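First residue of the sequence shown: 6, per my numbering; consecutive thereafter.
Following: one structure in structure tokens, then a few remarks.
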Amino acid sequence: MRRLCRARTVTTRANADGTDGDARDDAADEGSGDAKAPARRKRVLSGVQPTGSIHLGNYFGAIRNYVKLQDDYDAFYCVVDLHAITSGAHDPRELEASTRMSAGIYLAAGVDPSKANVFVQSHVPAHSELAWLLNCATPIGWLEKMIQFKEKARKAGEDVSVGLLDYPVLMAADILLYKADLVPVGEDQRQHLELTRDIAGRVNSLYGGKKWKKMKGKAPSGRSRGGDVLLVPEAFTPKEGGRVMSLTDGSSKMSKSNPAEGSRINVLDTPDEISKKIKRCKTDTFEGLEFGNPERPESQNLLTMYQLCTGLSQEEVIAECGTMRWGDFKPKLTEAVIEHLSPIQGRYKEIMDEPGYLEGVLRDGADKANEVANITIRDVRDALGFYQPR
Ligand code: AMP
Ligand code: TRP
């Protein structure tokens, strides 16, 4: 199958010049110690957990932006399987299949392995190691304040795992290992991104700068010691789609963990499933349809979904649907969602049906990810003063 052929152009070779004081300067990282080498391309990293199925919130909030950013950034997209076990009682029989499915959906949605490195988090051991090192620099109070932890812990009661509390530190490790400049996520992850920035800042002030410089000489990566150890990243959330809401309650977020299957549309749902879910979804009794009315969260959500699937502007959506009744709008929305998802589903099938293809992509992705991650982890160990193997 020619279209699926892996034409890997390694996009990560252009790199930094090895000057002092910038965590971006991982000269040996990509093999350049040359002072005239071009500046390193900016990097993007993100990931989705392989728990349950990937829904329109994941797709519009995150994955679609992976595709947009891969042309201009050095891209690393992982399936964060280590995050998927924080519930404390995951089903081991499902983890592998969900991990493959998530990676398959990245590719089917348009992530191109010739432009982006796609890999599985647990295939890069440095994620777990950096998480431990960051744990020891993270005050526990920072984690106890996380909204997602508080909500999940409330639901989990006494069974809450240490991993659930620690989850954002592992996420920080994912990002900081790659010195990512930008992290495309849905709005619900903004707080975790802020935490990542705080952790990076704390490590830099505890172990970077003059303290690191006093050790003299070069760090294992080849850069001079001193300056920032870690790069402080920025979040990227889309203008529309950063918070897709539930079909059964327009004021709560569409989520994998909602036991009501009718609350979300999954990327791999059949036309029949999509049609049934939209038919039953919550509406209101107002006349017409509108954006921006706080009393009409369902109208806001379903019009936005229509906008995202059709690529129309808000004005165009209102011109087309503003005077419609729900009974007229729902079939239109159904058709738009099915039409948007159908090519993705077709590609997904092709990808999963080609023996060895996905495995090859993930192997190449992990090779590249390990290469970059190992350079960061060695420098972090160095800054923290660990005795290095010689
Ligand atoms: P998760 O399902 O928690 O692994 O989330 C993976 C990505 O999807 C993250 O970037 C989330 O911020 C994003 N995401 C999850 N749910 C939604 C939603 N309802 N709307 C927009 N983005 C979402
Ligand atoms: N915590 C994210 C979520 O639940 C998933 C995630 C883990 C992630 N590591 C990441 C997202 C690194 C972006 C970057 O949605």
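Using N, Cα and C, we set each Cβ at its ideal position, and we do this for glycine too.
Please read these numbers as outputs of a predicted model, since none were measured by experiment.
Cβ-heavy atom distance, residue i to ligand 1, below 7 Å
i: Ala-67; result: yes
i: Thr-261; result: Residue identity check: residue 261 is Lys in the sequence provided, not Thr. Checking every heavy atom of ligand 1 against the Cβ of Lys-261, one is found closer than 7 Å.
i: Asn-63; result: yes
i: Asp-2; result: Residue 2 lies beyond the residue range present for the chain, which begins at 6 and ends at 395; the question has no answer from this structure.
i: Arg-248; result: yes
i: Arg-287; result: One point to set straight first is that residue 287 is Lys, not Arg, in the sequence displayed. Outside the cutoff, so no.
i: Val-72; result: no
i: Val-190; result: yes
i: Lys-258; result: yes
Short Cβ contact (8 Å threshold) for residue i with residue j
i: Tyr-172; j: Leu-50; result: no
i: Ile-111; j: Ile-180; result: The sequence shown places Tyr at residue 111, rather than the Ile named in the question. The answer is no: Cβ separation not under 8 Å.
i: Ala-113; j: Arg-269; result: no
i: Ala-185; j: Arg-48; result: yes
i: Leu-235; j: Ala-178; result: no
i: Pro-118; j: Asp-372; result: no
i: Gly-247; j: Gly-57; result: no
i: Gly-327; j: Leu-363; result: no
i: Gly-255; j: Glu-303; result: yes
i: Gln-194; j: Met-151; result: no
i: Gly-191; j: Gly-93; result: no
i: Ala-121; j: Ala-80; result: yes
i: Val-53; j: Asn-63; result: yes
i: Tyr-78; j: Arg-45; result: no
i: Ala-240; j: Leu-273; result: no
i: Leu-416; j: Leu-170; result: Residue 416 is absent from the structure shown; the chain starts at 6 and stops at 395.
i: His-60; j: Asn-271; result: yes
i: Thr-253; j: Gly-231; result: no
i: Asp-233; j: Ala-28; result: yes
i: Leu-100; j: Leu-187; result: no
Presumed contact (8 Å Cβ cut-off) between residue i and residue j, rounded CB distance
i: Cys-83; j: Val-116; result: Between Val-116 and Cys-83 the Cβ distance is about 11 Å, and since that is not below 8 Å, they are no contact.
i: Pro-189; j: Asn-70; result: 4 Å
i: Lys-445; j: Ser-251; result: No statement about residue 445 is possible, as the shown extent of the chain runs from 6 to 395 and does not include it.
i: Trp-217; j: Ala-378; result: That belief does not hold up - the Cβ atoms of Trp-217 and Ala-378 are roughly 20 Å apart, past 8 Å.
i: Leu-87; j: Ser-133; result: 7 Å
i: Val-174; j: Asn-140; result: 5 Å
i: Ala-108; j: Val-123; result: 6 Å
i: Phe-296; j: Gln-319; result: 6 Å
i: Thr-91; j: Pro-55; result: Not confirmed; about 12 Å, so no contact.
i: Thr-381; j: Trp-331; result: Thr-381 to Trp-331, Cβ: 52 Å. No contact.
Ligand 2 heavy atom lying under 7 Å from the CB of residue i
i: Gly-52; result: yes
i: Met-151; result: no
i: Ile-180; result: yes
i: His-197; result: yes
i: His-60; result: no
i: Met-176; result: yes
i: Val-116; result: no
i: Val-234; result: no
i: Val-272; result: no
i: Val-129; result: no
i: His-88; result: yes
i: Met-85; result: Residue identity check: residue 85 is Val in the sequence provided, not Met. True, at least one ligand heavy atom lies under 7 Å from that Cβ.
- Pairing CB atoms from the stretch 270-278 with CB atoms from the stretch 219-229, are three or more of them under 8 Å? no
- Would you be able to state if there are at least three C-beta pairs under 8 Å between the stretch 301-312 and the stretch 336-343? yes
- Query: Just checking, does the stretch 204-213 make contact with the stretch 155-169 on the three C-beta pairs under 8 Å criterion?
  - Reply: no
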